Amino acid sequence: MAIREIVVLPDKRLREVSKPVESIGEEVRTLVADMFDTMYDAPGIGLAAIQIGVPLRVVTMDLAGKDEDKQPQVFINPEILSKTDEINIHEEGCLSIPDYYEEVERPAGVTVRYLDLDGKAHEVEATGILATCFQHEIDHLNGVLFIDHLSKLKRDRVIKRYAKAARLAKEPAED
Ligand code: K1U
Ligand code: ZN
6 MAIREIVVLP DKRLREVSKP VESIGEEVRT LVADMFDTMY DAPGIGLAAI
56 QIGVPLRVVT MDLAGKDEDK QPQVFINPEI LSKTDEINIH EEGCLSIPDY
106 YEEVERPAGV TVRYLDLDGK AHEVEATGIL ATCFQHEIDH LNGVLFIDHL
156 SKLKRDRVIK RYAKAARLAK EPAED
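Structure, rendered in structure tokens:
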């Protein structure tokens, strides 16, 4: 399996809407294995396929604590069926916006339907960090980033900072 390069802001692929998985075969299994390798290496608690440049509706997660055994979870074609009116504020980061963390307001609970790797459908009611992570990752599948939930001032500042970093990285170094 392989650790793949993570797509970072301002890469336009992060704004693509990912396509549903039509059939779960070897290609999807290899993608999922590579997503776990990449997510654990980063390290992160979640990853959407588009973050390694693959526009398919696939999400991996592992919310196990530091001293717990791994708890790898795969969600194929995840859909939010309902959200609570109650709001939760959680600090979020994003592997595609490295080293930037900010508090985000989102519904405290969500009900999510998804397929597992055997193509079996499940429904789960999520709260806490699982609810936050589902919303963050499903946003990625729709081309939405957590900075889109911040004020325009904060969002524009972040976009500008990463656009400048990308420009500087492209320019030849001076002596
Ligand atoms: O999708 C991503 O960019 C991954 C992101 C997921 C996420 C984090 C926080 C709230 C919602 C969703 C990350 O994993 S950022 C890294 C991170 O949070 C973390 C890394 C190592 C240990 C603990 C947390
Ligand atoms: Zn992210």
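Going by the working numbering, the sequence shown opens with residue 6, and the numbers climb by one from there.
Glycine included, every Cβ here is placed at the ideal spot set by N, Cα and C.
On a predicted model such as this, the values are computed, not experimentally measured, just so you know.
Per DSSP, residue 166 is one residue of the alpha helix (DSSP H) stretching across 157 to 175.
The residue among 84, 48, 166 and 136 with its C-alpha nearest the C-alpha of residue 126 is 84. Here the segment 67 to 84 makes no contact with the segment 99 to 114; the two share fewer than three CB pairs at distances below 8 Å. Set against 6 Å, the gap from the CB of residue 114 to the closest heavy atom of the ligand K1U is not smaller. Counting along the chain, residue 98 sits inside the beta strand (DSSP E) bounded by residues 92 to 99. Spatial neighbours of residue 124 in its own chain (CB-CB distance under 7 Å, excluding positions within 5 residues in sequence) are listed in chain order as 29. Judged by beta-carbon spacing, residue 58 lies beyond the 7 Å limit of residue 13, meaning their Cβ atoms are not closer than that value.
Bounds of any alpha helix (DSSP H) do not take in residue 102; it lies within the beta strand (DSSP E) bounded by 102 to 112. Segment contact: the segment 92 to 101 against the segment 42 to 62, three or more CB-CB distances shorter than 8 Å; contact assigned. Per DSSP, the beta bridge partners of residue 130 are 116.
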